[in-house]
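Position 17 (the sequence shown) corresponds to 227 in this note's numbering; numbering is contiguous. The C-beta atom is built at its ideal place from N, Cα and C for all residues, glycine as well. All values reported here derive from a predicted model rather than from experimental measurement. Written out below as structure tokens is the structure these notes cover.
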Amino acid sequence: MEKLVEYGGNLVPPGISKADHEFKEIGLEFVLGGDQIGLEFVLGGDQVSIPELNNLFERVGFPRRDPPRLKIALDNTYLIIWVRATKNTRFANKGEMVAFARAASDGFLSATIWDVSVHPAWQRNGLGQALMERLTRCLVIDGVPTITLYAEPKVIELYEKVGFTKDPEGIRGMAFQRRKRHALQQLGLPKD
């Protein structure tokens with residue numbers, strides 16, 4: 211499989227390990243941005259349902275997000291890809307969102323992938339890898355030279371299959387996050 215390797219300053223997009231038609235056969239389709247034109251990838255996130263996305267987040271163990279804030283986050287996202295069921299199955303209803311990922315980016319220097327989610331009933335069939343291959347491929351084709359993400363230990367192998375590496379050149383991710391409410395109260399700061 212191709213890796214995200216630099217050649218003369220350009221990243222080589224990852225290969226696609228499982229074709230769209232193979233997912234179509236099991237009742238799934240990729241939607242890039244949110245608009246459906248067969249299996250064609252297009253930009254825009256208009257069709258992403260906030261309640262449905264929050265339900266998916268909850269199913270994979272992510273916290274539910276405040277809907278207005280999540281809408282703003284999605285509106286300001288560089289690239290969104292999600293997968294919906296194209297027929298009723300025992301795992302999903304037709305049209306139901308079963309996987310999602312998004313990338314925040316300036317479009318030129320870097321991108322960070324967020325919220326990679328695959329419904330538990332659809333895990334372990336290559337859907338997460340396929341989702342990441344397509345999202346990463348689009349970013350590379352757009353010319354974004356640095357693509358990062360934060361991964362839980364149990365899914366690192368998935369990202370390595372797509373070409374991501376752990377701690378390249380000893381770089382360690384860091385975060386500056388909102389403090390918990392009780393800590394803010396102790397400091398006499400407003401809760402929000």
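For P277, same chain residues with a beta-carbon under 8 Å away, outside a window of 5 residues either side, are I260, P261, N264 in chain order. In chain order, A361 place their CB closer than 6 Å to the CB of Y369, counting only its own chain and leaving out the 5 sequence neighbours on each side. Contact between I323 and A311 holds, with the beta-carbon distance rounding to 6 Å and staying under 8 Å.
Our two residues, P224 and E232, have alpha carbons roughly 18 Å apart in a direct line.
Every beta strand (DSSP E) of 3 residues or more that sits fully in the segment 273-338 is shown, in chain order, as 289-295, 307-315, 320-328. The alpha carbon of V222 has as its nearest neighbour, out of R344, I291, P363, the alpha carbon of R344.
The DSSP-derived three-state label of T375 is coil.
In the structure shown, the three-state DSSP call for F386 is coil. Taking 7 Å as the cut-off, the beta carbon of M307 is found closer than this to the beta carbon of L266. Under DSSP, V241 takes part in a beta bridge, and its partners are W292. In terms of Cα proximity to V365, the closest of L337, Q387, R382 is L337. Per DSSP, I357 is not a residue of any alpha helix (DSSP H); the beta strand (DSSP E) it occupies stretches across 356-359. Residue environment for Q387: exposed (fewer than 16 other C-beta atoms within 10 angstroms of its C-beta). With distances taken between CA atoms, V328 lies nearest to R269 out of R269, P273, E235, A229. Separation of the CB atoms of A295 and G373 is rounded to 28 Å, and the pair is thereby denied contact status at 8 Å.
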